[in-house]
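In this note's numbering, the protein residues as written are 2 to 61.
The beta-carbon is built from N, C-alpha and C at its ideal position, and this holds for glycine as well.
It should be emphasised that the depicted structure is a prediction, and the values quoted were computed from it without experimental measurement.
Presented below is the structure to which this report refers.
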Amino acid sequence: MLFLQSKRVRFGCYCATSGTWSGSCSDGKSFSLSIQGCGSAVLTLGEDSESLNFDRCVAQ
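What follows is the structure in structure tokens.
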């Protein structure tokens with residue numbers, strides 16, 4: 002199951018700039034994707050976290 006908590010888009014960025022997606026996996030672990038800014042996020046799965054960068058977010 003996947004839930005969108007909130008989302009905000011900023012001028013000049015083709016991706017969300019804030020907000021959180023969260024849900025649970027079939028193995029029972031929870032996850033969240035927390036948008037930190039244009040093109041950056043933190044993915045948390047259970048107790049593990051990883052910083053992510055999305056390409057193609059900034060207006061050319």
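Pairwise C-alpha distance: residue j and residue i
i, j, result
"glycine 47", "glycine 13", "33 Å"
"phenylalanine 32", "leucine 53", "14 Å"
"cysteine 39", "alanine 17", "7 Å"
"cysteine 58", "lysine 30", "29 Å"
"aspartate 49", "alanine 42", "14 Å"
CB of residue i within 7 Å of CB of residue j, strictly
i, j, result
"isoleucine 36", "serine 23", "no"
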